[in-house]
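Residue numbers (my numbering): 2 to 176.
Positions of the beta carbon are idealized from the N, C-alpha and C atoms, including for glycine.
Quantities reported herein were computed from a predicted structural model and do not represent experimental measurements.
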Amino acid sequence: EEPGAQARLAAGGWDAVVLQGQSVEPLWQPMVFGAYADRFAALARRVGARPVWFATWARRAGDSVYTQGWSGGTPAAMTRALEGGYAGAAERGGGALARGGEAWRRAGEARPTVALHSADGSHPSEAGTYLTACVLYGVIAGAEAPEGTEGALGVSAEDARALRAVAEELRREAR
2 EEPGAQARLA AGGWDAVVLQ GQSVEPLWQP MVFGAYADRF AALARRVGAR PVWFATWARR
62 AGDSVYTQGW SGGTPAAMTR ALEGGYAGAA ERGGGALARG GEAWRRAGEA RPTVALHSAD
122 GSHPSEAGTY LTACVLYGVI AGAEAPEGTE GALGVSAEDA RALRAVAEEL RREAR
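What follows is the structure, given as structure tokens:
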């Protein structure tokens, strides 16, 4: 309902507009999420921008959110459900799906020693931020995230290569 985002979109000049609800909103408030997703997709398309739906990641295992029935009960179930909410928005509103949660799930399997969550178990660490940026870059630019970009976040070159590989795998699957 706040006019700031709507006014910025209406000003135009956008190629792509990344759309993301509150981290668990597609599960906790699916009707609210869907209504606003549809409104913002329409606004983005009206100004000639491509909506990019950023599917968020699950909370860390053991988080109290998993006691809520809407959470899915596990990180894997939450990841699937979150992605389903964003995929539905992308189907209705057009645009591309940036599979952030799936990237986190795969990176956790491929590189379990890399902490993607910050200490609160919800927000991203530097490595989680890097992986997320690689996913978004791949979807928006349609290319693999460039090498040598990890230094600013303090992600090791070895971990950065592994995280970029996960993002690139998802980008190639989307083609």
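Would you mind giving the Cβ-Cβ distance between leucine 20 and alanine 42, rounded to the nearest angstrom? I have them listed as a contact below 8 Å.
Position 19 of the sequence shown holds residue 20. Position 41 of the sequence shown holds residue 42. Indeed they touch by this definition, with Cβ atoms about 7 Å apart.
Would you mind giving the Cβ-Cβ distance between alanine 87 and proline 27, rounded to the nearest angstrom? I have them listed as a contact below 8 Å.
By 1-based counting over the sequence shown, the position of residue 87 is 86. By 1-based counting over the sequence shown, the position of residue 27 is 26. Strictly speaking, residue 87 in this sequence is tyrosine, with alanine absent from that position. Tyrosine 87 to proline 27, Cβ: 6 Å. Contact.
State the CB to CB distance for the pair arginine 46 and glycine 95, rounded to an integer number of angstroms; the pair is presumed to be in contact (CB under 8 Å).
Residue 46 sits at position 45 when you count from the first residue of the sequence shown. Residue 95 sits at position 94 when you count from the first residue of the sequence shown. At roughly 6 Å, the Cβ-Cβ gap stays under 8 Å, so arginine 46 and glycine 95 are in contact.
Just list the residues that DSSP pairs arginine 51 with in beta bridges.
Here residue 51 refers to the residue found at position 50 when the sequence shown is read from its first residue. According to DSSP, arginine 51 bridges with Ala17.
Three or more C-beta pairs under 8 Å: does that hold for the region 68 to 85 against the region 117 to 124?
no
Could you tell me if threonine 80 is buried or exposed, where buried requires 16 or more neighbouring beta carbons within 10 angstroms of its beta carbon?
Counting from 1 along the sequence shown, the entry for residue 80 is found at position 79. Looking at its Cβ environment, which holds 16 or more other Cβ atoms inside 10 Å, threonine 80 is buried.
Out of Thr68, Ala134, Glu170, point me to the one whose CA is closest to glutamate 151's CA.
Locating residue 151 in the sequence shown gives position 150, where the first residue counts as 1. The option with the nearest alpha carbon to glutamate 151 is Ala134.
Please classify serine 157 as buried or exposed, where buried requires at least 16 neighbouring CB atoms within 10 angstroms.
As a working note, residue 157 is residue 156 in the sequence shown. Under this definition serine 157 is an exposed residue.
Report yes if the C-beta distance between valine 140 and alanine 99 is below 8 Å; otherwise report no.
The residue you call residue 140 lines up with position 139 of the sequence shown. The residue you call residue 99 lines up with position 98 of the sequence shown. Yes, they are a contact pair.
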